[in-house]
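Student: Numbers 0 to 371, taken from numbering that gives the first Met the number 0, label the letters of the sequence shown in order.
Here a beta-carbon is modelled for each residue, glycine too, at the ideal position from N, C-alpha and C.
Please find one structure pasted underneath; my questions will follow.
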Amino acid sequence: MLKKRSHNSYVTFLLLCCCLFLFACQSGSNNADERTVPPDKSENISLTPLDIQYESFQKVIGWLTEEEILIHVGNTEGHELLTHNIFSGEKNTIYTEKTSILSVKINQSRDKILLQEVSETLSRLTVITTDGLTVQTTPFDYSSYVTLDWNPTDNNTVFISHYSFDQVTESEMIHVYVWTIDENTLTTRDIPSLSPKWYSANVYLYIDELHTDALYIGDIREDREDMLLNMDISDFFLSEDTFLGIVESDIQDNLVHLFHEYPFLVGDKVLSIPKVTINDYPVKPHLTQATRNGRIYGVIPEYSFALEEDLGNFSLSYLDFENEEIKEVMELPEDAPIALSPSEDYLLYGWRLEYIITLSEPRMIPLLEEFD
């Protein structure tokens with residue numbers, strides 16, 4: 000069992016808060032208004048479906064530009080990554096290997112891609128540019144899916160994590176690695192979470208999934224225990240320095256609160272939504288944000304329910320924290336991930352991000368005819 004810091008570490012905590020706040024202020028001018036411009040929205044825009052075989056389609060990875068998305072295709076003969084222009088339909092294959100590609104992640108700058116490849120004879124991590132040039136590769140002795148998290152301010156570091164179960168001791172374990180890409184070094188980090196998130200070049204956040212279900216903060220420069228931040232936050236969403244903490248209501252059992260902090264640790268506004276649970280544990284809604292302090296959209300349940308008993312009804316909604324309002328955009332067929340485009344005009348939606356939602360006049364368009 001990991002030892003936890005107590006709330007008595009007050010002075011250290013205040014210093015850390017100050018550092019984080021300064022970082023947030025300094026990073027604001029970097030990319031707040033750097034957005035690609037789509038075709039004139041006054042025109043009658045038509046999006047072009049993806050012209051590939053349905054059987055080979057794996058998933059959409061995400062946005063590279065306002066017009067281009069990254070697609071993963073593959074079969075028993077090998078896997079590919081290709082770009083697709085949603086307006087012109089132009090495709091460009093940027094990476095091909097006779098391996099299976101499992102996990103894929105685009106970095107914050109959208110100029111590099113991290114992928115996990117496995118075959119009968121190898122297991123490795125590879126970083127490529129969006130032009131398909133290999134930047135770095137390293138062996139990685141694990142042949143199932145891993146969780147990846149690019150550092151938003153340092154493109155040379157990535158969290159890689161996976162779960163394991165020891166049959167002999169009947170114990171659960173979570174393995175977390177820090178890959179320093181330019182030096183090509185993999186180091187382990189004692190973090191009890193499958194989804195640690197980078198906040199800055201060195202600072203990270205996570206929910207302790209093995210012991211306390213509480214929010215912790217740590218620093219890779221320090222070889223000491225991570226600090227307990229909040230016992231009430233059961234999950235969170237982090238996009239650059241926008242933080243949404245998920246907190247169960249202690250008054251109404253059917254609600255959870257979304258505590259909005261911008262910058263992180265600077266309290267702002269709160270929105271309440273119906274609580275969805277699985278095994279009595281609150282489920283974090285699917286959320287997305289594309290730019291620093293930009294618009295936040297979520298897949299929001301219409302009522303409270305347990306997933307063991309009900310699939311529920313959901314709507315795509317704009318979370319207006321400034322006015323403390325939830326504005327419904329459109330009904331959705333199911334609870335599934337979303338990804339907002341850089342200019343905030345479009346959303347990818349679906350378990351394979353297989354639909355595009357236009358936000359100006361809300362409608363959902365399938366990327367392949369088979370999804371229609």
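1. Please determine, among Pro361, Glu353 and Pro195, the residue with the shortest C-alpha to C-alpha distance to leucine 367.
2. Taking the CB atoms as reference points, tell me whether phenylalanine 236 and leucine 214 lie closer together than 8 angstroms.
3. Is it buried or exposed, tryptophan 350, if we count other Cβ atoms within 10 angstroms and call 16 or more buried?
4. Please state the DSSP three-state secondary structure of serine 238.
5. Considering only residues of the same chain and omitting the five flanking positions on each side of aspartate 32, which have a CB-CB separation below 7 angstroms?
6. Could you give the distance in angstroms between the alpha-carbon of lysine 326 and the alpha-carbon of aspartate 344?
7. Kindly provide the ranges of any beta strand (DSSP E) runs that are 3 or more residues long and lie completely inside the region 287 to 361, ordered along the chain.
8. Which residue from Leu114, Gln166, Val59 and Arg188 puts its Cα closest to that of glutamate 221?
9. Can you grab the Cα-Cα spacing for the pair histidine 78 / isoleucine 60, in whole Å?
10. Spell out the partners DSSP gives isoleucine 272 in its beta bridges.
11. Counting only runs that start and end within the region 160 to 187, where is the beta strand (DSSP E) found for 3 or more residues in a row?
12. Output the distance between the C-alpha atoms of phenylalanine 304 and asparagine 312, rounded to the nearest integer angstrom.
13. Taking the beta carbon of isoleucine 277 as the centre, do at least 16 other beta carbons fall within 10 Å, making it buried, or is it exposed?
14. Got a sec? Which residues, its chain only, sit under 6 angstroms from glutamate 67 by beta carbon, not counting five neighbours each side?
15. Terminal residues of the continuous beta strand (DSSP E) containing histidine 78?
16. Return the CA-CA distance between proline 365 and histidine 285, expressed in angstroms with no decimal places.
17. Between the alpha carbons of valine 202 and proline 195, how many angstroms are there, rounded?
18. Buried or exposed: phenylalanine 158, going by 16 or more other Cβ atoms within 10 Å of its Cβ?
19. State buried or exposed for methionine 230, treating a residue as buried only when at least 16 other CB atoms are found within 10 Å of its CB.
20. Buried or exposed for threonine 186, please, with buried defined as at least 16 other CB atoms from any protein chain shown within 10 angstroms of its CB.
21. Leaving out the 5 sequence neighbours to the left and right, which residues in its chain are closer than 8 angstroms to leucine 376 when beta-carbon positions are compared?
22. Run the CB neighbour count on aspartate 240, radius 10 Å, all protein chains shown included, and call it buried at 16 or more, exposed below.
23. Hey, how far is the Cα of proline 138 from the Cα of glutamine 107?
24. Any chance the CB of threonine 129 is under 7 angstroms from a heavy atom of the ligand NAP?
25. Tell me whether the beta-carbon of threonine 136 lies closer than 8 angstroms to the beta-carbon of leucine 124.
26. Considering Cα atoms alone, identify which of Met226, Asp252, Leu209 and Ile245 is closest to serine 192.
27. Could you tell me if asparagine 150 is buried or exposed, where buried requires 16 or more neighbouring beta carbons within 10 angstroms of its beta carbon?
28. By DSSP, does glutamate 369 sit in helix, in strand, or in coil?
29. Go ahead and pull the three-state DSSP assignment for tyrosine 53.
30. With burial defined as no fewer than 16 other Cβ atoms inside 10 Å of the residue's Cβ, what is the status of tyrosine 280: buried or exposed?
31. Looking only at DSSP bridge pairs, what is lysine 363 linked to?
32. Under 8 angstroms, do valine 328 and serine 342 count as touching if we go by C-beta distance?
Tutor: The short version:
1. The candidate whose alpha carbon is nearest that of leucine 367 is Glu353.
2. No. Outside cutoff.
3. Result: exposed.
4. Residue state, collapsed to three classes: strand.
5. The predicted model places aspartate 32 with a pLDDT of 38, which falls under 50 and marks its position as unreliable; any figure quoted below should be read in that light. Answer for aspartate 32: no residue qualifies.
6. Taking the straight line from one Cα to the other gives about 16 angstroms.
7. The qualifying runs are 295 to 300, 313 to 319, 324 to 331, 337 to 339, 345 to 348 and 354 to 357.
8. It is Arg188.
9. Their backbone Cα atoms lie some 14 angstroms apart in a straight line.
10. DSSP, once it has assigned bridges, lists Val255 as partnering isoleucine 272.
11. Correct list: 170 to 179 and 184 to 187.
12. Roughly 10 angstroms between the two C-alpha positions.
13. Exposed, because fewer than 16 other Cβ atoms sit within 10 Å of the Cβ of isoleucine 277.
14. Excluding sequence neighbours, glutamate 67 sits near Thr82 and Asn84.
15. Run containing histidine 78: 77 to 84, per the beta strand (DSSP E) assignment.
16. The straight-line gap from Cα to Cα measures roughly 19 angstroms.
17. Here the C-alpha atom of valine 202 lies approximately 10 angstroms from the C-alpha atom of proline 195.
18. Buried: at least 16 other Cβ atoms inside 10 Å.
19. Methionine 230 should be labelled exposed.
20. The residue is exposed, with fewer than 16 neighbouring Cβ atoms inside 10 Å.
21. Residue 376 lies beyond the range of the chain shown here (0 to 371); nothing can be said about it.
22. With 16 or more neighbouring CB atoms inside 10 Å of its own CB, aspartate 240 falls in the buried class.
23. Taking the straight line joining both Cα atoms gives about 24 angstroms.
24. The ligand content of the structure shown is nil, which means the ligand NAP is not present either.
25. Yes, the Cβ-Cβ distance between threonine 136 and leucine 124 is below 8 angstroms.
26. Residue Leu209 is the option with its Cα nearest to serine 192.
27. By the 10 Å Cβ count, asparagine 150 comes out buried.
28. The answer is helix: DSSP assigns glutamate 369 an H, G or I state.
29. In the three-state reduction of the DSSP assignment, tyrosine 53 falls in the helix class, which pools H, G and I.
30. That one is exposed.
31. The identity of residue 363 in the sequence shown is methionine, whereas the question assumes lysine. According to DSSP, methionine 363 shares a beta bridge with Ile356.
32. Not a contact, by the Cβ cut-off of 8 angstroms.
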